[in-house]
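So the number in my numbering is just where the residue sits in the sequence shown, counting from 1, plus 47. Here is the structure we will look at.
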Amino acid sequence: MAQEQIADLDLQLLKRTLRVTETPCDTQAQVAGRKLKAFCSNDYLGLANHPDLASALAEGAKLYGVGSGASHLISRHSIAHELLEKRLASFQATYIPQARALFFSTGYMANLAAITGLAKLAGRGEVSLYSAKLNHASLIDGVRLASAQTNTAVTLFDHACPSELVELLKADKKPLKIIVTDGVFSTDGDLAPVKELLKIAEQHDALLLIDDAHGFGVLGENGHGILEQEMLFSDRIIYIGTLGKAAGVSGAFICAQDSFIEWLVQKGRPYIYSTATPPSIAHTLLKSLDLIEGEAGSKRRKHLNQLISIWQEEMQFVSRVKVSSCTPIQPVILGSNASALMAAKLLDEAGYWIPAIRPPTVPLGSSRL
Numbered sequence: 048m049a050q051e052q053i054a055d056l057d058l059q060l061l062k063r064t065l066r067v068t069e070t071p072c073d074t075q076a077q078v079a080g081r082k083l084k085a086f087c088s089n090d091y092l093g094l095a096n097h098p099d100l101a102s103a104l105a106e107g108a109k110l111y112g113v114g115s116g117a118s119h120l121i122s123r124h125s126i127a128h129e130l131l132e133k134r135l136a137s138f139q140a141t142y143i144p145q146a147r148a149l150f151f152s153t154g155y156m157a158n159l160a161a162i163t164g165l166a167k168l169a170g171r172g173e174v175s176l177y178s179a180k181l182n183h184a185s186l187i188d189g190v191r192l193a194s195a196q197t198n199t200a201v202t203l204f205d206h207a208c209p210s211e212l213v214e215l216l217k218a219d220k221k222p223l224k225i226i227v228t229d230g231v232f233s234t235d236g237d238l239a240p241v242k243e244l245l246k247i248a249e250q251h252d253a254l255l256l257i258d259d260a261h262g263f264g265v266l267g268e269n270g271h272g273i274l275e276q277e278m279l280f281s282d283r284i285i286y287i288g289t290l291g292k293a294a295g296v297s298g299a300f301i302c303a304q305d306s307f308i309e310w311l312v313q314k315g316r317p318y319i320y321s322t323a324t325p326p327s328i329a330h331t332l333l334k335s336l337d338l339i340e341g342e343a344g345s346k347r348r349k350h351l352n353q354l355i356s357i358w359q360e361e362m363q364f365v366s367r368v369k370v371s372s373c374t375p376i377q378p379v380i381l382g383s384n385a386s387a388l389m390a391a392k393l394l395d396e397a398g399y400w401i402p403a404i405r406p407p408t409v410p411l412g413s414s415r416l
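Given below as C-alpha cells:
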C-alpha cells in the first residue's frame, strides 16, 4: 500500500526528495560535490555558522555535557535553561505584562503545547478556536488536536479580512475564545494584521496566539519580533518564537503572562513528557540573543532589509506573480507543480539552490519558488 501511495505522489509531482548537504549552513552549500548558492535557508541573519555561537556550543558542552537525561519536570531543568527563559521573557516584557517564557525543543512542539494546553483552561465544549486559513502546519495540527481532545469548536478565517472575526465573535458565548495566527505567513511572507486582531480580541474577550517563527530576530528595531514592530502591549497575547531560524540555533519558546505559562507547565503535555533540550543548546542561545539584540544584529538586519529592497525594486517578471513582502520570504508563484519543479531544476543547473514549494505546503495551483 505504501509503495502505491508513493508512486501516486510521484505521478502528481508531489514526491519529496532529501538532498544531503556536506557543508555548514551558509550562503554557499555543497550538495553531492557541487557548490550552490543557497536561497532556501531560514538563517535570516547568518548566525547558524557564526564562530561565536560555535564557541558557545563547545563551552556549553564542557559545562553541561551533551545530553539532558530527563524532562524538565523530572530533573533536567538546567541553570542554562533557566537563564535562557529569563532572557527570552525580557525580550517580550515590554509587550506582555508579567512576561514569562518556556523553552521547547522545536516550534512544532511549542505550538502543540500552547494550543492544546490553553484549550484545557475551560471545560469540554466551552472553547472556540479561530484559526487563520494560511497558518503553518504546526498551528493547524495544534488546533486539530485541541478540537479532538476537548471538543473545541474551530472556525477558519481569512487573515486579510479580520473584520470577518467581529461578526463571528459577537455570536460566540463560549467562556474561552482563542484567535490563532502566524505573525509572518511562511509561504507568502506577508504580515498578519496583529494590531487589528488584538483590538478585536480585547473587544470580544479573546486571547491572541501569535506564532512569530519568521519574525523573531528579524522584525523590530532590536529584533524582538512582530510585537516590537507593531508596538503591541497586552496580557491577552500568547507569543511563540522560533530559535532555529534568525537565531541560528535550535528550539522555540512560548512567552505569555506568568499565569498562562504556569498553566502550560502543569498541562502542556509536549512540555511535560519531552526530554529537555541539551543545556549546551540553551547556553549557545544566550550568546545568540546577545548578537540579535546588539550592534551585530542591528547591522545584519539593516543588510537584510537592503537585500529585500533590492529584490523588490529590481526583480521584474512578465508572466509570473511576485508577491510583495517586507520580510525575507519572497515568493514567486508559478502555478503548476511541473512549472515550479522545472524552474527549480534550471536554477539548480545554473548553480542556485531554490527548491520548488508545492502542495500541501501551499494551496493547489500556487506552487512557487
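Beta carbons: idealized from backbone N, C-alpha and C, even for Gly.
For the alpha helix (DSSP H) that residue i lies in, which residues bound it at each end?
i: Thr331; result: Pro326 to Glu340
i: Val78; result: Taken as a continuous stretch (DSSP letters only), Val78 belongs to no alpha helix (DSSP H), being part of the beta strand (DSSP E) at Gln75 to Val78.
i: Phe263; result: Looking at the DSSP string, Phe263 is not in any alpha helix (DSSP H), and its letter there is neither H nor E.
i: Asp188; result: Ala184 to Thr197
Over what stretch of residues does the beta strand (DSSP E) that includes residue i continue unbroken?
i: Ile225; result: Leu223 to Asp229
i: Ala299; result: Ala299 to Gln304
i: Gly288; result: Ile284 to Thr289
i: Arg81; result: Arg81 to Ala85
i: Gly382; result: Val379 to Gly382
i: Asp235; result: First-last for Asp235: undefined, no H or E at that position.
Throw me the rounded Cβ distance for the residue i and residue j pair, which I believe falls under 8 angstroms.
i: Val231; j: Leu223; result: Not a contact, Cβ separation roughly 26 angstroms.
i: Gly295; j: His97; result: 6 angstroms
i: Leu212; j: Tyr155; result: That pair is no contact at about 25 angstroms.
i: Val67; j: Pro325; result: No, Val67 and Pro325 are not in contact; Cβ-Cβ is about 24 angstroms, not under 8 angstroms.
i: Leu216; j: His251; result: 4 angstroms
i: Pro410; j: Ala160; result: So it is not a contact: roughly 28 angstroms between Cβ atoms.
State yes or no: is the C-beta of residue i within less than 8 angstroms of the C-beta of residue j?
i: Val227; j: Val174; result: no
i: Ile401; j: Ser414; result: no
i: Gly315; j: Cys302; result: no
i: Lys242; j: Glu277; result: yes
i: Leu381; j: Leu416; result: yes
i: Leu61; j: Pro406; result: yes
i: Leu254; j: Ala260; result: no
i: Asp205; j: Pro378; result: no
i: Ala148; j: Ala136; result: yes
i: Thr153; j: Gln196; result: no
Near residue i, which residues of its chain fall below 8 angstroms by C-beta distance, leaving aside the five closest residues on each side in sequence?
i: Gln75; result: Lys82, Leu83, Lys84 and Ala85
i: Ala422; result: Look at the range of the chain in this structure, 48 to 416, and you will see that residue 422 is not part of it.
i: Tyr111; result: Ser125, Ala127, Pro325, Pro326, Ser327 and His330
In chain order, what residues of the same chain lie with their CB nearer than 7 angstroms to the CB of residue i, ignoring the 5 residues before and after it?
i: Tyr91; result: Gly264, Val265, Lys292, Ala293, Leu351 and Pro375
i: Gly262; result: Gly230, Val231, Gly272 and Ile273
i: Leu25; result: The displayed coordinates of the chain run from 48 to 416. Any statement about residue 25 would go beyond what the structure contains.
Leaving aside the five residues before and after residue i along the sequence, list all residues of the same chain whose C-beta is less than 6 angstroms from its C-beta, in chain order.
i: Pro144; result: Asp282
i: Thr199; result: Ala166, Val174, Leu176 and Ala193
Can you pull the DSSP bridge partners for residue i?
i: Thr202; result: Tyr177
i: Ser102; result: Partner(s): none; Ser102 has no beta bridge.
i: Trp400; result: Ala85
i: Phe151; result: Ala299
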